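**Student:** A single structure is presented below for examination.
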Amino acid sequence: MPAAVEPTRPPTASNIVAGWAPLRPPFRALLPGLVQAEEHLNATGGQAWGLRWRALADAMGDPSGCTLALNAILADLGITLGLADTGGQWRVVLTIARDASTDEIRAAHAVALLVEADGWSRLKRCCHGRCPRTFLDATNAGTRTRCRLHTRPKRTQR
Ligand SMILES: [Zn+2]
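Sequential numbering from 0 applies to the sequence shown in numbering that gives the first Met the number 0.
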């Protein structure tokens with residue numbers, strides 16, 4: 000009987016599998032997932048997935064707590080790494096739990112890649128008045144201070 004895999008084994012140099020294509024600003028490819036993540040972070044419902052994302056928002060400022068919260072989200076999604084034959088070409092694929100939401104996977108994946116690129120400092124609270132919204136800063140310089148609702152749209156040049 001094979002030994003059971005320890006589910007809470009911490010990342011070490013020997014079991015890190017992401018990061019083969021490090022991202023740098025601008026993070027345009029992550030934007031759809033980050034927008035979805037912000038919706039999850041600011042959701043007010045009491046669903047299980049909402050509570051998981053609320054735990055991440057509540058841990059803001061504590062990198063260890065944020066990491067635990069995001070890893071809990073990823074674990075609940077049941078993501079595993081696999082290999083698939085796609086018509087003669089081998090591809091590395093992610094498999095997910097049968098009932099996992101693809102929106103939530105996209106969101107959690109985008110957050111993980113953003114943090115890998117530049118740390119947890121890009122998870123922020125809006126500074127506009129008493130706005131309670133949490134947002135993810137994907138700007139080149141990481142200087143955004145307001146959520147999407149309180150960011151002025153860019154003026155188009157004519
Ligand atoms: Zn705001």
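No residue lacks a Cβ here, since even glycine has one placed at the ideal position from N, Cα and C. These numbers were taken from a predicted model, which means no experiment stands behind them.
Would you tell me roughly how many angstroms separate the C-alpha atoms of G45 and V110, rounded to the nearest one?
**Tutor:** If you take the alpha carbons of G45 and V110, they lie about 22 Å apart.
**Student:** So does the segment 48-56 actually touch the segment 82-90, counting three or more Cβ pairs closer than 8 Å?
**Tutor:** The answer is no - the segment 82-90 does not touch the segment 48-56, with fewer than three Cβ pairs under 8 Å.
**Student:** One question on the structure: do R97 and N41 come within less than 9 Å of each other, judged by their Cβ atoms?
**Tutor:** No; because the gap between Cβ atoms is not below 9 Å, this pair is not in contact.
**Student:** For E37, count neighbouring Cβ atoms within 10 angstroms of its own Cβ and tell me buried if that reaches 16, exposed if not.
**Tutor:** Label assigned to E37: buried.
**Student:** DSSP on D61, reduced to helix/strand/coil?
**Tutor:** Correct three-state label for D61: coil.
**Student:** Give a yes or no on whether the C-beta atoms belonging to D136 and R143 are separated by under 9 Å.
**Tutor:** Their beta carbons are under 9 Å apart, which means D136 touches R143 by this criterion.
**Student:** For A116, name the three-state secondary structure that DSSP assigns.
**Tutor:** Looking at A116 - three-state DSSP - the assignment turns out to be helix.
**Student:** T79 to H149, Cα distance in whole Å?
**Tutor:** T79 and H149: Cα-Cα distance of roughly 37 Å.
**Student:** Given this structure, state the Cα-to-Cα distance separating L112 from V92, to the nearest angstrom.
**Tutor:** Near 17 Å, if we compare the C-alpha coordinates of V92 and L112.
**Student:** Assuming contact is defined by CB atoms lying nearer than 9 Å, are Q35 and A106 in contact in what I supplied?
**Tutor:** Cβ distance < 9 Å, so Q35 and A106 count as in contact.
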